[in-house]
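As structure tokens, the structure follows; a few thoughts come after it.
Pasting the structure below:
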């Protein structure tokens, strides 16, 4: 239980401390009797002024309701009613506040006074919030003014909460005012619009035009030429023509000012011609795109405010001419003019009764006489039951900018844009936050390029009161550009790598047999220089003759494939040595090592005649044998005393008898040949040995080939 | 004494070697020598010894005056030696000797291409294709030239013929994908790139091209995967590394993008593109001063980096340097960044 009580106290004590109002009871200010007395007196004085001011304010509100059939929609609509009394109340009430800041009602009064004079001032919210905390029921409209203050400070959720609380109060009232309920519901919608629009702010730069244009006095209603080189606007400055103030709001009368650009900078603004500015109100209502026609608003008491046109003639402006009855009315208020790009249409604003509600936008066409024809309401696509104002037709001929308290405003007037397509105005588009805010945003003009706009605002950070600002539209966020690179094409970098080379050729004559060795003396083994005769046996031609090295006896012969070669190694005093290489065309490269031991011409020396060929199985000598036989003949002729035996041998194939007969026949054939060539028969002996004297194995082809031979042996020298 | 004996041995050995020389009987045929010269020339050509190759081929054709292959190969050697006149003369001789050799026409086309004579290239390719309609390289090069002339539709036809002749012709498949990509047929391009890498998965540049196509098709995770594959094959392929950074940027992973661009710079500190891409990240983070500094660095490294001028213009605009931003955008437009025109129109007038 104790715990519960403790918890309860902990919960309520802070709120109790914060919200505890201090009433004006001297017991609440012990030891401050004199101060209390003085503060109490100031409170009374201030309250008196406040009450008078409040009376004026409430009367104005009633009258507004009656006339417009709707609640004042923006702060400006209240025209600062009661402001004189409210200003008089401020000082004494502040004195009382300084003594007792915890009086809910005092805070309410101060908050309300600030709301009327300057709702954006932090004092407004400070006092109204304090009143709400200290004494929520101090006045039954506290929630409303607090809500609207939140609204004007773009605190959307807080505003909605308070509006809803006030709505609850209104709906429970015995005599509820439908217009008041409608007003609160509309303001809740406006807060929702504001919430949505401010969540995605427009990308703009907002720049004050600077001290050559703006001052601590109000500047508003800008109009620019399409090229942005000239600006005209309304200001209420102390150098106004006539130097007087409007008693109604205690501000200097309006005059028209002008500035031009030099090297991109606005020059100090000057009063426009005396033909235009009077001692009364002269405000800019519009400017033609080329800057040659200026439209002025003048508010004479007899006409509720009308439009005038002045033309630039040479360097000066002509005296403004009252526009015709198709535009101006006696009973109603006309302000803001915009000419179409071709000057054939004139748009203007009027609050005449035939409209859809409040002020509306109208259009006149230029008739054949050069006069403005009958005006026509531009219709419900643009005009609403609430007020429209500040019309501006862009020189592109199809875009209209205007202000409206209807559509999806976020509070008071917002600036919208609509595009004319096929003669019909498109759905108006709110220009968004921060161009628009929760208070009035009116009189927006756009440069010919459409890139910049100009408007007036009382936002903080200016030179004082309303100032003229330039908006630069940045458009959607600019996406950065990345550097990337690809190697798109595979071979573009190196085309010549694709050139097609022809293939290598097969060189056909490259097949050779190399025969090499050492020539020596058979007995002494000494190296011998000898001649080596290369013979094409098929042609019986000596192809070449070489010599072995005299010192080493080495020789080397290359024999290209495709021939039947006879090789004879010769040296005087020695028997010639015979070799045979029968190389077919496709014989591959090979190397033979053949050492030759030359035998002296001595009895018993035997030489194999490797280049004697016979027909198969016959004793017929083949023609290829001719060179070998010639060598033999030469030997016999050069050595006329020697006698030789021609021996013929076979391998072991065939019978002994057969082989003997064959070899015998063959040796006789050779002998007969030699005899036929002039060699004495007595010097020659023919002998067939058959297979009886093999010099190699008969088991192999090579061996059998070696055994098949013709030899000659020196039998006598 | 020892030295004397050593010298004596050397002299004796040399003398023996000299005396040991034997007369080698060699039978030579001039035609065979010419063929050997041809083969030697070819060997030199393959070893990129082009001057040597020319000498060998010249010896060859001095003997074998109608050996068209030698003239053809010598032409190739002359191309490499940048002697266009000699190359063209030789290839024409080869063609005169063998007018029905499709490869010679192909070589002629390439020779002309190498020396930037596109009209002659095209006519030679056409002659090659007249002889051999399915000559894969000729079809490929026809496609390439059409691609270079931005006739992507026709380029695709010829690339396809090359691929029909050789379904594994990876480079033709790649180039066809590029043509499809230029025609904004991203699905077709992606299919071709994937086909190419399925045939040869070592071609890192194809993976890169695939990645870029995925990126164009806004399939950023797949783009990143493809770039990563390229980098797996060739880790220092900065092109793909930078591109992967761009894909990460598009995929809103600025941290990974930054890491990739920084990695490029660590390997190539003078990479203008990477600096500009870091500037892009700064713009996204609305750090306009940093963006301006980085894009300025990019411009200092490459005065023709249009994207860097474009980005710096954006930064300057946000820093309220209006004159500067207009100057930069105009420069960007001059360098071919057409997107700057809209900014100039909306801001600089």
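Chains as they are written, first to last, in the numbering used here: chain A, 293 to 1009; chain B, 388 to 736. Glycine included, every Cβ here is placed at the ideal spot set by N, Cα and C.
Would DSSP call residue i helix, strand or coil?
i: residue 466 of chain B; result: helix
i: residue 566 of chain B; result: helix
i: residue 634 of chain B; result: helix
i: residue 965 of chain A; result: helix
i: residue 846 of chain A; result: strand
i: residue 443 of chain A; result: helix
i: residue 734 of chain A; result: coil
i: residue 495 of chain B; result: helix
i: residue 863 of chain A; result: coil
i: residue 316 of chain A; result: coil
i: residue 625 of chain B; result: helix
i: residue 523 of chain A; result: strand
i: residue 582 of chain B; result: helix
i: residue 744 of chain A; result: strand
i: residue 735 of chain B; result: coil
Residues in the same chain with beta-carbon distance under 6 Å from residue i, minus the five sequence neighbours each way, listed in chain order, please.
i: residue 495 of chain B; result: 478, 511
i: residue 670 of chain A; result: 653, 655
i: residue 638 of chain B; result: 607
i: residue 582 of chain B; result: 560
i: residue 553 of chain A; result: 521
i: residue 911 of chain A; result: 957, 958, 961
Taking the C-alpha atoms as reference points, what is the distance between residue i and residue j?
i: residue 573 of chain A; j: residue 598 of chain A; result: 11 Å
i: residue 744 of chain A; j: residue 551 of chain A; result: 17 Å
i: residue 668 of chain B; j: residue 534 of chain B; result: 34 Å
i: residue 709 of chain A; j: residue 724 of chain A; result: 10 Å
i: residue 918 of chain A; j: residue 904 of chain A; result: 8 Å
i: residue 972 of chain A; j: residue 926 of chain A; result: 13 Å
i: residue 980 of chain A; j: residue 451 of chain B; result: 56 Å
i: residue 446 of chain B; j: residue 691 of chain B; result: 50 Å
i: residue 718 of chain A; j: residue 711 of chain A; result: 5 Å
i: residue 483 of chain A; j: residue 727 of chain A; result: 16 Å
i: residue 650 of chain B; j: residue 485 of chain B; result: 55 Å
Mind checking if residue i is an interface residue toward chain B, Cβ cutoff 8 Å exclusive?
i: residue 723 of chain A; result: no
i: residue 793 of chain A; result: yes
i: residue 776 of chain A; result: yes
i: residue 782 of chain A; result: yes
i: residue 493 of chain A; result: no
i: residue 772 of chain A; result: yes
i: residue 796 of chain A; result: yes
For residue i, would you say it is in contact with chain E, using Cβ-to-Cβ distances shorter than 8 Å as the test?
i: residue 439 of chain B; result: Note that chain E does not occur in the displayed structure, where the protein chains are A and B.
May I ask you to check if the CB of residue i is nearer than 7 Å to at least one heavy atom of the ligand COA?
i: residue 691 of chain A; result: This structure lacks the ligand COA, and indeed carries no ligand of any kind.
Could you confirm whether any beta carbon from chain A is found closer than 8 Å to the beta carbon of residue i?
i: residue 675 of chain B; result: no
i: residue 404 of chain B; result: Its pLDDT being 29, under 50, residue 404 of chain B is placed unreliably in this model, and the coordinates cannot settle the point.
i: residue 443 of chain B; result: no
i: residue 463 of chain B; result: yes
i: residue 450 of chain B; result: no
i: residue 725 of chain B; result: no
i: residue 580 of chain B; result: no
Tell me whether residue i is buried or exposed, calling it buried when 16 or more other Cβ atoms sit within 10 Å of its Cβ.
i: residue 537 of chain B; result: exposed
i: residue 435 of chain B; result: exposed
i: residue 448 of chain B; result: buried
i: residue 1011 of chain A; result: Only positions 293 to 1009 of chain A appear in the structure, and residue 1011 of chain A is not among them; the question remains open.
i: residue 475 of chain A; result: buried
i: residue 590 of chain B; result: buried
i: residue 884 of chain A; result: exposed
i: residue 908 of chain A; result: exposed
i: residue 949 of chain A; result: exposed
i: residue 869 of chain A; result: buried
Beta-carbon within less than 7 Å of residue i's beta-carbon, same chain only, minus the 5 sequence neighbours each way: which residues are those?
i: residue 410 of chain B; result: The pLDDT assigned to residue 410 of chain B is 37, lower than 50, so where the model puts this residue is not dependable; a value taken from the coordinates is nonetheless given after this. Counting only Cβ-Cβ distances below 7 Å, and skipping sequence neighbours, we find nothing.
i: residue 387 of chain A; result: 331, 334
Among the residues of its own chain, which have a CB less than 8 Å from the CB of residue i, if the five just before and after it don't count?
i: residue 527 of chain B; result: 545, 546, 549, 556, 558, 559, 562
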